[in-house]
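Input: a single structure, listed below in C-alpha cells.
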Amino acid sequence: MDHPNTIEAEKLVREFKKGPRAVDGIDLHVDPGEIYGFLGPNGAGKSTTVLMLTTLLPPTAGTARVGGYDVVREGPQVRSSIGAALQEAALDPLLTGREHLQLQAALQALPRPERAARATELLDRVGLTEAADRKVRGYSGGMKRRLDLAMALVHRPRILFLDEPTTGLDVQSRTALWNEVGRLAREDGVTVFLTTQYLEEADVLADRVGIIDHGHIVAEGTPDELKAEIGRPTVEVTTAGVDGRVAVEEVLARFGTLVPSSRGVAVRLETTNEAGLAEVVRALDAGGLRVDNLELHSPTLDDVFLAKTGRSLEGHGGDDE
Amino acid sequence: MSTTVDQVTLLARRSVLRTWRNPAATIFPLIFPMLLLAVNSGGLRAETHLPGFPTTSFVAFALAVPFIQGALFATMNAGTDLARDIESGFMNRLSLTPLRGAALLTGQLGGVIALGVVQACFYITVGTIAGVRFASGAAGIAVLLVFAAFVSLAFGSLGAFVALRTGSTESVQSLFPVFFVFLFISSMNIPRNLIQTTWFRDAATANPVSYLLECVRSLIITGWNGEALGLGFGVLAIIAVAGLSLASLTLPKRLGR
Numbered sequence: 440m441d442h443p444n445t446i447e448a449e450k451l452v453r454e455f456k457k458g459p460r461a462v463d464g465i466d467l468h469v470d471p472g473e474i475y476g477f478l479g480p481n482g483a484g485k486s487t488t489v490l491m492l493t494t495l496l497p498p499t500a501g502t503a504r505v506g507g508y509d510v511v512r513e514g515p516q517v518r519s520s521i522g523a524a525l526q527e528a529a530l531d532p533l534l535t536g537r538e539h540l541q542l543q544a545a546l547q548a549l550p551r552p553e554r555a556a557r558a559t560e561l562l563d564r565v566g567l568t569e570a571a572d573r574k575v576r577g578y579s580g581g582m583k584r585r586l587d588l589a590m591a592l593v594h595r596p597r598i599l600f601l602d603e604p605t606t607g608l609d610v611q612s613r614t615a616l617w618n619e620v621g622r623l624a625r626e627d628g629v630t631v632f633l634t635t636q637y638l639e640e641a642d643v644l645a646d647r648v649g650i651i652d653h654g655h656i657v658a659e660g661t662p663d664e665l666k667a668e669i670g671r672p673t674v675e676v677t678t679a680g681v682d683g684r685v686a687v688e689e690v691l692a693r694f695g696t697l698v699p700s701s702r703g704v705a706v707r708l709e710t711t712n713e714a715g716l717a718e719v720v721r722a723l724d725a726g727g728l729r730v731d732n733l734e735l736h737s738p739t740l741d742d743v744f745l746a747k748t749g750r751s752l753e754g755h756g757g758d759d760e
Numbered sequence: 002m003s004t005t006v007d008q009v010t011l012l013a014r015r016s017v018l019r020t021w022r023n024p025a026a027t028i029f030p031l032i033f034p035m036l037l038l039a040v041n042s043g044g045l046r047a048e049t050h051l052p053g054f055p056t057t058s059f060v061a062f063a064l065a066v067p068f069i070q071g072a073l074f075a076t077m078n079a080g081t082d083l084a085r086d087i088e089s090g091f092m093n094r095l096s097l098t099p100l101r102g103a104a105l106l107t108g109q110l111g112g113v114i115a116l117g118v119v120q121a122c123f124y125i126t127v128g129t130i131a132g133v134r135f136a137s138g139a140a141g142i143a144v145l146l147v148f149a150a151f152v153s154l155a156f157g158s159l160g161a162f163v164a165l166r167t168g169s170t171e172s173v174q175s176l177f178p179v180f181f182v183f184l185f186i187s188s189m190n191i192p193r194n195l196i197q198t199t200w201f202r203d204a205a206t207a208n209p210v211s212y213l214l215e216c217v218r219s220l221i222i223t224g225w226n227g228e229a230l231g232l233g234f235g236v237l238a239i240i241a242v243a244g245l246s247l248a249s250l251t252l253p254k255r256l257g258r
C-alpha cells in the first residue's frame with residue numbers, strides 16, 4: 440500500500456474540559472513536498488492542531504491522516520513517518536548536543552554503527568559542530584532550536600511538523616532555519632507543516648498558508664492568492680494638521696474606500712495597479728494640500744488577517760514584519 | 002527495531018549521566034544523612050544505656066536511617082527528573098519515538114537505583130570507618146546493597162507515579178515533607194519496644210518505615226533475622242508493586258498512547 444507524504448484532516452475538533460473548543464472542525468490537505476504555513480495569533484489553535492496531528496493529543500471529534508495513516512488508530516505508523524520540533528525546544532540541559540542526537544538515533548532504532556555518523560552529519564548541517572560536545576544548558580536560543588530541528592530529522596522523516604520554530608530567535612538564526620527548512624522541502628521532498636505567528640515567515644517560506652483564528656480556518660491559499668483576494672494597494676497620507684486632514688480625506692475618498700489608519704488618512708485604491716499613486720499625488724498637488732508623508736502599501740498577510748477577522752495579527756506575537 | 006533492553010540501557014545511562022552532572026543531586030544525598038547521623042549519634046548516645054537497647058554503639062543503631070533517607074532522595078530524583086522531562090517537552094520527544102513505556106520507566110528508575118547503590122556503599126564505608134562492625138558479615142553487606150537497590154526502586158516508582166500523574170516538579174517535591182513525617186513517626190531513633198508513649202509506639206508499629214529500618218538494623222546489629230528481613234523486603238515489595246503498577250497505568254496517557 441502506498442503511503443504518500445500527505446497530511447489530511449476532516450472536521451477535526453479538540454475540546455478541553457471547562458474550556459472553549461481550541462480547534463473547531465478544521466479541514467486540511469497538505470500535499471507531498473509542500474511547506475504549509477499555519478498562521479494565527481497566540482491561542483488560535485495552532486499548537487493543539489499540531490499535537491493532534493502528531494498523535495500526542497487525541498481529537499475530540501473528526502479524523503486526520505498523516506502519511507496515509509490514521510492518527511488515532513495507527514499512532515505508531517504515524518510516529519515513524521514524522522519528525523517534530525514542538526513549541527519549546529525539548530532538550531535536556533545536562534546532555535551535550537551530540538549525546539542528544541545519539542540518544543535520539545538509538546531510540547529511533549537506527550543501526551548502531553550508523554548512529555554516530557548520523558549525529559555528526561546533522562550537527563554539521565545545522566551548524567553546531569563546534570558546540571557538539573558542550574552541554575545544552577550553555578546553548579543560545581537559536582542553537583537550541585537548531586538542535587531541536589536536527590533531532591526531528593534523525594530518522595529521515597517524510598513529514599516534518601515545526602511548531603513556531605523561530606519564535607524568539609534573532610534574524611540571523613531565523614534566516615538560517617528558514618534556509619534549512621526550504622532545503623528539506625526542495626531537495627529531500629519532505630512535507631513541512633509549520634505553525635507561526637510571524638507574517639513574514641509564512642510569506643517567505645510557505646507554499647500555501649492557512650489562517651486560523653479561534654479554532655477556525657478563516658482563509659487558505661498561496662500567499663499571493665490570499666493577498667490578491669484583498670487585492671488593492673493602500674495609500675497612507677500623514678498630514679501637517681487637523682484641518683489638512685479633513686481636506687486630504689475629501690481628496691482621497693475620490694480614489695477608493697477610506698480605511699482606518701493610526702498615523703493619518705489611508706485609502707484602499709480602487710485600481711489594483713500601483714499607478715493610482717501618481718493620480719493621488721497629482722490630486723493632492725492640485726488641491727494645494729501639504730502632506731508630511733505619503734506611502735504606498737502593497738497588501739500583506741496582515742491585511743488578509745484583518746479582512747478575515749476584523750483584527751490585526753501584528754502585535755499579537757511581537758512580530759517584526 | 003531497537004530492543005527493550007537497548008532502550009532501557011540508553012535511558013538508564015542518560016539518567017545516571019544527568020545525576021552525575023548535577024552535583025546537588027549527587028552530593029546532598031551523600032552528605033545530609035551523614036550529618037544527621039553524626040548529630041543524632043552525639044545527642045542520643047545515652048540511649049544505649051537503656052535496658053534492652055540492642056547495641057552499645059548508637060552509630061551502629063542509627064546507621065539504618067541513611068538507608069531510608071536514601072529512599073526519600075530516590076523518590077525525589079526519579080520524580081523530579083520525570084516531571085522536568087514532562088515540563089520541558091522532552092517526554093513528548095520520547096513519545097514520538099518507538100520507545101516502549103516499560104523501557105522508559107525502567108530506564109529512568111535504573112539511574113535512580115544506581116545512585117541508591119552508590120549512596121549505600123558510601124554509608125557502609127562511613128559506618129565502617131566510624132567503628133561499626135556488621136554482624137551479618139560480608140554477605141549481609143551484599144544484602145544491604147540489594148536492599149538499597151530495592152528501596153530506590155520502590156520509592157522511585159512512587160515518585161515516578163506522582164510525576165506522571167501531575168507533570169509537575171512542585172507536586173513531586175511536596176512529597177518530601179510527607180515522607181519525612183513517616184520517617185520521624187517510626188523506630189528511627191529508638192527501638193519500638195522501648196517507646197514509652199503508647200500512641201507513638203502504636204503509630205510506629207503501624208508505620209511501614211519502621212520495618213524497613215528494622216530490616217537494615219538486623220543486618221548491622223543482630224545478624225541474620227528471618228522475620229526482620231521478611232518484613233522489610235515484604236514492605237518494599239508491596240510499595241514497589243503499588244508504585245510500579247500506578248506508574249505503568251498512568252504512563253500510556255502521558256505518552257499519548
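Protein chains in written order, with our numbering: chain A, 440 to 760; chain B, 2 to 258. By construction, the Cβ of each residue, glycine as well, lies at the ideal position given by its N, Cα and C atoms.
Counting the other Cβ atoms within 10 Å of the Cβ of residue 228 of chain B gives fewer than 16, which makes it exposed.
Contiguous alpha helix (DSSP H) elements confined to the segment 77-142 of chain B occur at 91-96, 102-130, taking only those with 4 or more residues. Here the alpha carbons of residue 478 of chain A and residue 650 of chain A stand approximately 5 Å from one another. Taking 8 Å as the CB threshold, residue 192 of chain B stays off the interface with chain A. Residues of chain A whose Cβ lies closer than 9 Å to the Cβ of residue 91 of chain B are, in chain order, 529, 530, 531. In the DSSP annotation of this structure, residue 655 of chain A is not part of any alpha helix (DSSP H); the continuous beta strand (DSSP E) holding it starts and ends at 655-660. Residues of the segment 536-557 of chain A with a Cβ closer than 8 Å to any Cβ of chain B, in chain order: 538, 542, 543, 545, 546, 547, 548.
Among the CB atoms of chain B, none fall inside 8 Å of the CB of residue 582 of chain A.
Interface flag for residue 519 of chain A against chain B is set, since a Cβ pair is found closer than 8 Å. The C-alpha of residue 83 of chain B lies about 19 Å from the C-alpha of residue 496 of chain A.
Beta-carbon to beta-carbon, residue 597 of chain A and residue 506 of chain A are separated by about 6 Å, close enough to satisfy the 8 Å threshold. When Cβ pairs closer than 8 Å are counted between the two stretches, the segment 191-209 of chain B is seen not to touch the segment 30-38 of chain B, the count staying below three.
For residue 7 of chain B, at least one C-beta of chain A is nearer than 8 Å to its own C-beta. Using a Cβ-Cβ cut-off of 7 Å, residue 523 of chain A is close to 97 of chain B, given in chain order. A check of alpha carbon separations from residue 223 of chain B across B:14, B:40, B:98, B:135 identifies B:135 as the nearest. Here residue 636 of chain A is near residue 480 of chain A, since their CB atoms are less than 8 Å apart. Within the same chain, and ignoring the five residues on either side of residue 226 of chain B in sequence, the residues whose Cβ sits closer than 7 Å to its Cβ are 219. Between residue 572 of chain A and residue 547 of chain A, the alpha-carbon positions lie close to 21 Å from each other. For residue 587 of chain A, the enclosing alpha helix (DSSP H) has its first and last residue at 580-592. Proximity of residue 493 of chain A to chain B, defined by a Cβ-Cβ separation below 8 Å, is satisfied.
The beta carbon of residue 17 of chain B is closer than 7 Å to those of 112, 115 in its chain, skipping five residues each way along the sequence. Excluding its 5 nearest sequence neighbours in each direction, residue 144 of chain B has C-beta neighbours in its own chain below 8 Å: 137, 220, 230, listed in chain order. For residue 466 of chain A, there is no enclosing alpha helix (DSSP H); the enclosing beta strand (DSSP E) has its first and last residue at 460-469. Assigned with DSSP and collapsed to three states, residue 666 of chain A falls in helix. Rounded to the nearest whole angstrom, the C-alpha separation of residue 491 of chain A and residue 19 of chain B is 31 Å. Comparing C-alpha distances from residue 87 of chain B to each of B:122, B:161, B:31, B:125 shows the shortest one belongs to B:161.
The C-beta of residue 22 of chain B comes closer than 8 Å to at least one C-beta of chain A.
For residue 732 of chain A, the enclosing beta strand (DSSP E) starts and ends at 730-736. The segment 508-524 of chain A makes no contact with the segment 658-667 of chain A; the number of CB pairs closer than 8 Å stays below 3. By alpha-carbon distance to residue 191 of chain B, the top candidate from B:252, B:214, B:96, B:10 is B:214.
For a Cβ distance threshold of 7 Å, nothing in chain A lies close to residue 218 of chain B: the least Cβ distance comes to about 36 Å.
Going by beta carbons, residue 624 of chain A and residue 631 of chain A fall inside the 8 Å limit. According to the DSSP assignment, residue 477 of chain A belongs to the beta strand (DSSP E) that extends over 474-478. Taking 8 Å as the CB threshold, residue 101 of chain B stays off the interface with chain A.
Around the Cβ of residue 553 of chain A, a 10 Å sphere holds fewer than 16 other Cβ atoms; the residue is exposed. Interface criterion met: the Cβ of residue 534 of chain A is under 8 Å from a Cβ in chain B.
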